[in-house]
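Residue numbers (this note's numbering): 892 to 1347.
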């Protein structure tokens, strides 16, 4: 049955590889179960309800990806979009979280229409292969940077914006020890991969977590909630109380629309739409490029199913009570482990569903244990740089700017915007437009991105 559904032999994979890849993807994404409730609760939403909604939305979206596209990509409420939801739309602009959910729901409906009319697919196919490779590299650096931050190996600095962790002072036994364990995790994972141990990234997470437990039991690691360093020892394993979901489920349809500023509402909706569109496209391009799923023209077969899964998941997430659900760059960790079909994503989805029950256990996995996986994934995705012709400045400069922008602007979509603008303008001004066969969509995107920087 699995062979008929996911075409394992055709994709040169097997059940064990796919399941292992799915578990790996889940382990690198599990942090969203802790982070998303923390961020959305700032808007006034119930944290427990958001946790359940996050898990269920992730299951729905990832299962749809498996069934509609047969790709090893996982979905969950997106980082960045959740912060925009709470801190900008609700706390700064003054909208209720229910209205913010409505904006997310409407965005999902618009996405469905765009997917059915091939607009999103057309945008994906119009992006040059050089930029697609650059996006893959940029996402790799972005993911690695997120890993370094999650491990607190890279921290904020007043003078240099960011700096390395200082392994001294009063916080050493919490933040400092977590950073050391993350470094050990990178070394352990690297050794396992050099030895070609199947599932090396997953084993790296588990071993690092186990070392954290040992360190906490022996007093070498001391949890400090104020610094974001929590106990790594599970105190409970299961919970069957799901009643909290009622505090957010269906609230998207309980909004009082009288007296609202509709212009501002559509600006909010468009902002969700804009960021989600290009984060999703960027992730699909980057992860698919890493998995060699793009055809000779740089196109992704069956992309309509992948985009539809993303659209439907956004609507479902809004109804359940969470911000925009989107394809996660952490899917690259499962692809790195050999995941090639929807069985990988279905495995991840089922684990998200189970996490509703086992949430106390999964929420105990420390960020310093998953961070090494993200850093190693960044290393793997750097390989796409070999596909970029840096000897041709008309190709190399836009690619470089794309790669540079993602980690420094802390945004996949900003990297894509800068890459598209620079690629179009450089080739147009230097008379290479006809030679490069610049698509009309690229011109439209360039104008829209420029307008975005001027007006938004």
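We put the beta carbon where it would ideally sit given N, CA and C, even for glycine.
Check your understanding: Taking contact to mean at least 3 C-beta pairs separated by less than 8 Å, is the region 1296-1306 in contact with the region 1032-1042?
Key -> yes
**Study point:** Of the residues 908, 892, 912 and 922, the one placed nearest residue 1253, counting alpha carbons only
**Key:** In the chain shown, the residue the question calls residue 1253 occupies position 362. For residue 1253, the nearest C-alpha among the options comes from 922.
**Study point:** Sheet register partners of residue 1055 (DSSP bridge)
**Key:** Residue numbering aside, residue 1055 sits at position 164 when the chain shown is read from its first letter. 1045.
**Study point:** Three CB pairs or more closer than 8 Å across the region 1114-1132 and the region 1248-1263
**Key:** yes
Practice item. Give the DSSP-derived three-state secondary structure of residue 1084 in the structure shown. Key: The count along the chain shown starts at 1 and reaches residue 1084 at position 193. Residue state, collapsed to three classes: helix.
Practice item. May I ask which residues mark the beginning and end of the alpha helix (DSSP H) holding residue 1277? Key: As a working note, residue 1277 is residue 386 in the chain shown. Here residue 1277 belongs to no alpha helix (DSSP H), and DSSP marks it neither H nor E.
Practice item. Scan the region 1270-1346 and note each continuous alpha helix (DSSP H) run of 4 residues or more that stays entirely inside, going in chain order. Key: 1284-1300, 1303-1320, 1324-1327 and 1331-1346
Practice item. Figure out for me which residue from 1180, 1089 and 1214 has the closest Cα to the Cα of residue 904. Key: Residue numbering aside, residue 904 sits at position 13 when the chain shown is read from its first letter. If we check each option's Cα against that of residue 904, 1089 comes out closest.
Exercise for review: Report the three-state DSSP secondary structure of residue 1185 (helix, strand or coil).
Suggested key: Counting from 1 along the chain shown, the entry for residue 1185 is found at position 294. Of the three classes helix, strand and coil, the one that applies to residue 1185 here is coil, per DSSP.
Practice item. Please state whether DSSP places residue 1348 in a helix, a strand or coil. Key: In this structure the chain extends from 892 to 1347, so residue 1348 is not present and cannot be described.
Practice item. Would you identify the three-state DSSP class for residue 902, choosing helix, strand or coil? Key: The residue labelled residue 902 in the question sits at position 11 within the chain shown. Correct three-state label for residue 902: coil.
Check your understanding: If you draw a straight line from the C-alpha of residue 1112 to the C-alpha of residue 1065, how long is it?
Key -> Locating residue 1112 in the chain shown gives position 221, where the first residue counts as 1. Locating residue 1065 in the chain shown gives position 174, where the first residue counts as 1. Looking at the two C-alpha atoms, the distance is approximately 6 Å.
**Study point:** Own chain partners of residue 1143 with C-beta closer than 7 Å, once the 5 adjacent residues on each side are dropped
**Key:** Taking the chain shown and counting its residues from 1, the one referred to as residue 1143 is at position 252. Cβ neighbours of residue 1143 beyond the five flanking positions: 989, 992, 993, 996, 1209 and 1210.
Point to revise | Cα-Cα separation, residue 1045 to residue 916 | key: Translated into the one-based positions of the chain shown, residue 1045 becomes position 154. Translated into the one-based positions of the chain shown, residue 916 becomes position 25. Distance between the alpha carbons of residue 1045 and residue 916: 23 Å.
Review point. Does the beta-carbon distance from residue 1163 to residue 1305 come in below 8 Å?
Key: Position 272 of the chain shown, counting from 1, holds the residue named residue 1163. Position 414 of the chain shown, counting from 1, holds the residue named residue 1305. No, the Cβ-Cβ distance between residue 1163 and residue 1305 is not below 8 Å.
Exercise for review: Check whether the Cβ atoms of residue 1217 and residue 1303 lie closer than 8 Å to each other.
Suggested key: Position 326 of the chain shown, counting from 1, holds the residue named residue 1217. Position 412 of the chain shown, counting from 1, holds the residue named residue 1303. Contact: no.
Review point. Among 972, 977 and 1187, which residue has its Cα nearest to the Cα of residue 938?
Key: Numbered from its first residue, the chain shown carries residue 938 at position 47. Closest option to residue 938, Cα to Cα, is 977.
Practice item. Assign residue 1145 to one of two classes, buried (16 or more other C-beta atoms within 10 Å of its C-beta) or exposed (fewer than that). Key: Working through the chain shown from its first residue, we reach residue 1145 at position 254. That one is exposed.
Check your understanding: For residue 1013 versus residue 1264, is the C-beta spacing smaller than 8 Å?
Key -> The sequence position of residue 1013 within the chain shown is 122, counting from 1. The sequence position of residue 1264 within the chain shown is 373, counting from 1. Their beta carbons are not under 8 Å apart, which means residue 1013 does not touch residue 1264 by this criterion.
Practice item. Compute the beta-carbon to beta-carbon distance between residue 1026 and residue 1177, rounded to the nearest angstrom, for a pair I have assumed lies under 8 Å. Key: Numbered from its first residue, the chain shown carries residue 1026 at position 135. Numbered from its first residue, the chain shown carries residue 1177 at position 286. So it is a contact: roughly 5 Å between Cβ atoms.
Check your understanding: Where does residue 892 sit, in a helix, a strand or coil, going by DSSP?
Key -> Translated into positions along the chain shown, residue 892 becomes position 1. Coil at residue 892, not helix or strand.
**Study point:** Cβ distance (whole Å) where residue 1070 is taken to contact residue 1042 below 8 Å
**Key:** For the purposes of this step, residue 1070 is taken as residue 179 along the chain shown, with counting starting at 1. For the purposes of this step, residue 1042 is taken as residue 151 along the chain shown, with counting starting at 1. Confirmed, about 6 Å.
Exercise for review: Starting from the Cα of residue 1093, find the closest Cα among 1268, 1114, 1133 and 1158 and give me that residue.
Suggested key: One-based indexing of the chain shown puts residue 1093 at position 202. When each option's Cα is compared against that of residue 1093, the closest is 1268.
Practice item. Kindly confirm or deny that the region 1232-1240 and the region 898-914 touch, where touching means at least three C-beta pairs closer than 8 Å. Key: yes
Check your understanding: Where does residue 979 sit, in a helix, a strand or coil, going by DSSP?
Key -> As a position in the chain shown, residue 979 is number 88, starting the count at 1. Residue state, collapsed to three classes: helix.
Practice item. Compute the beta-carbon to beta-carbon distance between residue 948 and residue 968, rounded to the nearest angstrom, for a pair I have assumed lies under 8 Å. Key: Taking the first residue of the chain shown as position 1, residue 948 is located at position 57. Taking the first residue of the chain shown as position 1, residue 968 is located at position 77. The pair is a contact, with the Cβ atoms about 6 Å apart (cut-off 8 Å).
Check your understanding: Since residue 1217 is in the beta strand (DSSP E), which residue starts that stretch and which ends it?
Key -> Numbered from 1 along the chain shown, position 326 holds the residue referred to as residue 1217. Unbroken beta strand (DSSP E) run through residue 1217: 1216-1218.
Practice item. Select from 1140, 961 and 1107 the residue whose C-alpha is nearest the C-alpha of residue 945. Key: Here residue 945 refers to the residue found at position 54 of the chain shown. Ranking the options by Cα distance to residue 945, first place goes to 1140.
Check your understanding: Does DSSP put residue 1120 in a helix, a strand or coil?
Key -> Residue mapping note: residue 1120 aligns to position 229 of the chain shown, counting from 1. Correct three-state label for residue 1120: strand.
Review point. In its own chain, which residues sit with a C-beta less than 6 Å from the C-beta of residue 1275, not counting the 5 before and 5 after it?
Key: If you number the chain shown from 1, residue 1275 lands on position 384. Correct list, in chain order: 1024, 1027, 1028 and 1180.
Practice item. Can you grab the Cα-Cα spacing for the pair residue 1032 / residue 933, in whole Å? Key: Along the chain shown, read from residue 1 onward, the residue named residue 1032 stands at position 141. Along the chain shown, read from residue 1 onward, the residue named residue 933 stands at position 42. Cα-Cα distance, rounded: 29 Å.
Check your understanding: When the cut-off is 8 Å and only beta carbons count, does residue 1081 lie next to chain D?
Key -> The structure shown contains no chain D; it holds only a single protein chain.
Exercise for review: Enumerate in chain order the residues of its own chain whose CB-to-CB distance from residue 1337 is below 8 Å, with the five nearest sequence positions on each side excluded.
Suggested key: Mapped onto the chain shown, residue 1337 falls at position 446. The residues are 1311, 1312, 1315 and 1316.
Review point. Where do the ends of the alpha helix (DSSP H) carrying residue 1195 lie?
Key: Along the chain shown, read from residue 1 onward, the residue named residue 1195 stands at position 304. Looking at the DSSP string, the run of the alpha helix (DSSP H) that includes residue 1195 is 1194-1211.
Review point. In three-state DSSP terms, what is residue 1115?
Key: To locate residue 1115, count along the chain shown from 1; it is residue 224. Three-state result, residue 1115: strand.
**Study point:** Proximity winner among 1247, 1183 and 1110, relative to residue 1351 (alpha-carbon distances)
**Key:** Lying outside 892 to 1347, the shown extent of the chain, residue 1351 is not represented and no answer is given.
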